[in-house]
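These notes concern the structure reproduced below.
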Amino acid sequence: MPKKIAVIGECMIELSQKGADVQRGFGGDTLNTSVYIARQVDSAALAVHYVTALGTDSFSQQMLEGVAA
1 MPKKIAVIGE CMIELSQKGA DVQRGFGGDT LNTSVYIARQ VDSAALAVHY
51 VTALGTDSFS QQMLEGVAA
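Below you can see the structure in the form of structure tokens.
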């Protein structure tokens with residue numbers, strides 16, 4: 001059974017505009033930390049969980065889908 005770590009914090013929406021196009025991304029120190037840890041460890045040895053609050057809006061849904069991927 002793997003050990004577990006939970007990273008707790010808020011995820012931010014990053015919007016940038018180039019001409020008429022708007023690019024959307026997600027980031028923030030706690031989200032980035034959880035992703036970096038998950039990439040560096042053997043998932044059989046350590047399960048990484050990200051804990052945050054989300055709303056019911058479309059950005060929150062996109063965030064959930066992006067983090068789950």
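Residue 68 in the UniProt record's numbering sits at position 68 of the sequence shown; the count goes up by one each step and never skips.
Just so it is clear, CB atoms sit at the ideal spot from N, CA and C, and this is done for glycine as well.
Computed from a predicted model, the values in this text were never measured in an experiment.
>> Tell me which residue opens and which closes the alpha helix (DSSP H) that Gly-66 is part of.
In response: 58-68
> Going by DSSP, which residues form a beta bridge with Glu-14?
Replying inline: Gly-25
>> Would you call the stretch 12-25 in contact with the stretch 34-44, where contact means no fewer than 3 C-beta pairs closer than 8 Å?
In response: The stretch 12-25 makes no contact with the stretch 34-44, as fewer than three CB pairs between them are under 8 Å.
>> Under DSSP, the beta strand (DSSP E) around Val-7 begins and ends at which residues?
In response: 3-8
>> Here's a check: name, in chain order, each residue in its chain whose Cβ is nearer than 7 Å to the Cβ of Gly-66, leaving out the five neighbours to either side.
In response: Here the set comprises Phe-26.
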